[in-house]
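Peer 1: Following this message is one structure expressed as structure tokens.
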């Protein structure tokens with residue numbers, strides 16, 4: 068992946084395929100609080116909302132959307 072390309076807005080599986088293989092990859096997951104009685108399995112589309120990259124590692128924060 069060329070330097071300076073952000074993966075914000077990409078689905079997690081697509082973003083992982085675009086990352087360099089020589090760096091440590093950390094994925095942090097966030098999601099909106101669930102309503103009582105709501106099925107959490109509907110949150111199945113993790114999308115990259117934050118992307119930080121250094122020489123040795125890439126940190127992606129993903130949020131799960133319906």
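In this note's numbering, the protein residues as written are 68 to 133. Even glycine gets a Cβ: it sits at the ideal position worked out from N, Cα and C. Every value quoted in this text rests on a predicted model; they were computed, and no experiment measured them.
Could you spell out the range, first to last residue, of the alpha helix (DSSP H) harbouring residue 84?
Peer 2: Looking up residue 84 in the chain shown gives position 17. Per DSSP, residue 84 belongs to the alpha helix (DSSP H) from 79–85.
Peer 1: Could you check where the beta strand (DSSP E) with residue 98 kicks off and where it finishes?
Peer 2: The residue you call residue 98 lines up with position 31 of the chain shown. Where residue 98 is concerned, the enclosing beta strand (DSSP E) stretches over 91–98.
Peer 1: Checking 9 Å against the spacing of the C-beta atoms, do residue 78 and residue 113 come in under that value?
Peer 2: Residue mapping note: residue 78 aligns to position 11 of the chain shown, counting from 1. Residue mapping note: residue 113 aligns to position 46 of the chain shown, counting from 1. Yes.
Peer 1: Cα separation between residue 87 and residue 75?
Peer 2: Indexing the chain shown from 1 puts residue 87 at position 20. Indexing the chain shown from 1 puts residue 75 at position 8. About 16 Å.
Peer 1: For residue 127, count neighbouring Cβ atoms within 10 angstroms of its own Cβ and tell me buried if that reaches 16, exposed if not.
Peer 2: Your numbering for residue 127 matches position 60 in the chain shown. Burial call: buried.
Peer 1: First and last residue of the beta strand (DSSP E) that includes residue 130?
Peer 2: Against the chain shown, residue 130 aligns to sequence position 63. Unbroken beta strand (DSSP E) run through residue 130: 124–132.
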